[in-house]
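Following: one structure in structure tokens, then a few remarks.
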Amino acid sequence: MSQWLEQVIDGAALDDYLAPVRQQALTQLKNDGWPKRRNESWINTPLTPVEKRNVAIATQADSVPVPNIDNLNALDIVFVDGVLVTQINTLDVPEGMAITSLNVDDAATQQAIASVFGQVKPTRHLFGRVNDALCQHGVFINVADGAKVTKPIRIVNLATKNVDAHTRVLVKLGNASSAVIIEQGSGDTDSLTTAFAEYDIADDAHLEHYRFAMFTGSAKQLGGSHFMLHDRSTLNSTLVGYGSELSRLDVDMHHAGEFANAKMNAIYLLAEGELFDLHSTIEHAMPNGTTEENARGIVGDKARAVFNGRIHIHRDAQKTLAELNNRNLLLSRRGVINTKPELEIYADDVRCAHGATVAEIEGEALYYMLTRGVPRSKALVMLNFGFIQELINDMPNAAIRDWLLPVLSERFAHMEVK
Numbered sequence: 001m002s003q004w005l006e007q008v009i010d011g012a013a014l015d016d017y018l019a020p021v022r023q024q025a026l027t028q029l030k031n032d033g034w035p036k037r038r039n040e041s042w043i044n045t046p047l048t049p050v051e052k053r054n055v056a057i058a059t060q061a062d063s064v065p066v067p068n069i070d071n072l073n074a075l076d077i078v079f080v081d082g083v084l085v086t087q088i089n090t091l092d093v094p095e096g097m098a099i100t101s102l103n104v105d106d107a108a109t110q111q112a113i114a115s116v117f118g119q120v121k122p123t124r125h126l127f128g129r130v131n132d133a134l135c136q137h138g139v140f141i142n143v144a145d146g147a148k149v150t151k152p153i154r155i156v157n158l159a160t161k162n163v164d165a166h167t168r169v170l171v172k173l174g175n176a177s178s179a180v181i182i183e184q185g186s187g188d189t190d191s192l193t194t195a196f197a198e199y200d201i202a203d204d205a206h207l208e209h210y211r212f213a214m215f216t217g218s219a220k221q222l223g224g225s226h227f228m229l230h231d232r233s234t235l236n237s238t239l240v241g242y243g244s245e246l247s248r249l250d251v252d253m254h255h256a257g258e259f260a261n262a263k264m265n266a267i268y269l270l271a272e273g274e275l276f277d278l279h280s281t282i283e284h285a286m287p288n289g290t291t292e293e294n295a296r297g298i299v300g301d302k303a304r305a306v307f308n309g310r311i312h313i314h315r316d317a318q319k320t321l322a323e324l325n326n327r328n329l330l331l332s333r334r335g336v337i338n339t340k341p342e343l344e345i346y347a348d349d350v351r352c353a354h355g356a357t358v359a360e361i362e363g364e365a366l367y368y369m370l371t372r373g374v375p376r377s378k379a380l381v382m383l384n385f386g387f388i389q390e391l392i393n394d395m396p397n398a399a400i401r402d403w404l405l406p407v408l409s410e411r412f413a414h415m416e417v418k
């Protein structure tokens, strides 16, 4: 067992209303220990940056500027170094929505939180268990039946110090409701962030979801977004991830109801020497569900991208339509991409497809642009955008698209072709 995990187990909180889930997570951590390199879930992602780390959790946080998204008009909830700094009771919460912190005394609210905490996220996730055991700061967003909340809710995680941060977002969408939720994280310090979110999407409800995991440098981010879809519910999710010393995101979508529809577009961008690992699992447990997943990555010199996408069609999930596609672009022959799309089908009346490609930037295309006077830096930005533009255009929110374009242009400036 690693030094860090031993300290996690010793520091687990077991004396609050979430104690049953925390105790279960702690027991699993003790029983399973630290994953070996041959562990299929971690075979391409070394955990060396975490193993000998000492647990250090902030109890208070400094006030820091929050990145702005022009024209988004969102309601912001901010965590700094794992500490919730937003005063929830001062927020102008939209009608039909209730927002509380996890630190509440009201028994009814505690019961509502406990109905989601650890109930959507699968127990197999190592750092999800760590988050279960150590999380002290988080928010619970409850959308009433029939409420159509158009104002985006943005949850911001900022890492500014060399500390560990364990935050949780819980979202419960009532029947025939809708909401827009944005998870945004960034930082380049020697920090470790486990930011997990669980979404329970009731019958006929719709969730528009974004996750921007933009940690870089020495940051370690190990988090996930997890979704439970009930009858006729819909999910439209967009994920954008950067590489860092260690970046890992787990996404789970569980079709627990009939006629549920899920769509996820993912973009990951790795500069020199960085690592990014995206694991996604889609469980089709009921009939007539649809899933469309598209993941595209651009990988710089000596960087490593890992993609593992799995679609599991259960025996009763007849009439399922599921597609999974992973495309990757190498900027250097010293970059590495480990891609593994998987289909596991136990129903016989389904339409499913999956595929993966790895390519290099076309030298002729770059040469053509250079010979016509286009500066090399601009030419590379144009070629990179050409590879991911389709997924950017597919984002429903125009303000987010407009904000993201210059942000990605700046990112491309650190991703030289070699």
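Residue numbers (the UniProt record's numbering): 1 to 418.
Even glycine gets a Cβ: it sits at the ideal position worked out from N, Cα and C.
Because the structure is a prediction, the values reported are computed rather than measured.
Note on geometry: alpha-carbon atoms of P375 and L173 lie some 48 Å from one another. For V130, the secondary structure class from DSSP, reduced to helix, strand or coil, is helix.
Selection P152, A219 and R168 evaluated against H209 yields P152 as nearest (Cα-Cα). Shortest Cα-Cα distance from T45 to any of S237, I337 and V85 involves I337. DSSP, read as helix, strand or coil, puts M286 in coil.
Going by beta carbons, S191 and A165 fall inside the 8 Å limit. Under DSSP, V169 takes part in a beta bridge, and its partners are V139 and A197. In this structure Q184 is buried. Its beta-carbon is surrounded by 16 or more other beta-carbon atoms within 10 angstroms. Using a Cβ-Cβ distance cut-off of 8 Å, the segment 340 to 358 and the segment 380 to 391 are not in contact, since fewer than three pairs of beta carbons, one from each stretch, lie closer than that value. Under the three-state reduction of DSSP output, S247 falls in the strand class. In chain order, V381 and N384 place their CB closer than 6 Å to the CB of F412, counting only its own chain and leaving out the 5 sequence neighbours on each side. The three-state secondary structure of K378, taken from DSSP, is helix. Rounded to whole angstroms, the gap between the alpha carbons of K148 and G363 is 49 Å. The Cβ atoms of D349 and K319 sit closer than 8 Å to each other.
A distance below 8 Å separates the beta carbons of W34 and S2.
According to the DSSP assignment, A399 belongs to the alpha helix (DSSP H) that extends over A398 to F412. Under the rule that a run must span 3 or more residues, the beta strand (DSSP E) segments found entirely inside the segment 197 to 240 read 206 to 215 and 220 to 229. Under the criterion of beta carbons closer than 8 Å, S225 and R248 do not qualify as touching, at roughly 13 Å. Annotated three-state conformation of P94 is coil, per DSSP. With contact defined as three or more Cβ pairs closer than 8 Å, the segment 80 to 88 and the segment 109 to 122 are not in contact. The beta carbons of A25 and D188 sit about 29 Å from each other, so the pair does not count as a contact at 8 Å. DSSP places A19 inside the alpha helix (DSSP H), whose first and last residues are A19 to D32. T167 sits buried, since 16 or more C-beta atoms from the chains shown fall within 10 Å of its C-beta. Under DSSP, M395 forms no beta bridge with any residue. R38 counts as exposed, since fewer than 16 other C-beta atoms from the protein chains shown sit within 10 angstroms of its C-beta. If you draw a straight line from the Cα of N326 to the Cα of T150, it is about 31 Å long.
Between G289 and the set F79, D277, N175 and A317, the nearest pair of CA atoms involves A317. For E342, the enclosing beta strand (DSSP E) begins and ends at V336 to I345. In the displayed model, M369 falls within a helix according to three-state DSSP. Per DSSP, T357 is one residue of the beta strand (DSSP E) stretching across R351 to E360. Remark: C-beta atoms of M286 and H312 do not approach each other more closely than 8 Å.
By the 16-neighbour rule on beta-carbons within 10 angstroms, E410 is exposed.
The alpha helix (DSSP H) runs of length 4 or more contained entirely in the segment 49 to 100 do not exist; there are none. In this structure, the CA atom of G96 is about 5 Å from the CA atom of A144. DSSP places A179 in no alpha helix (DSSP H) but in the uninterrupted beta strand (DSSP E) bounded by S178 to G187. With distances taken between CA atoms, H284 lies nearest to A260 out of V139, A260 and E274.
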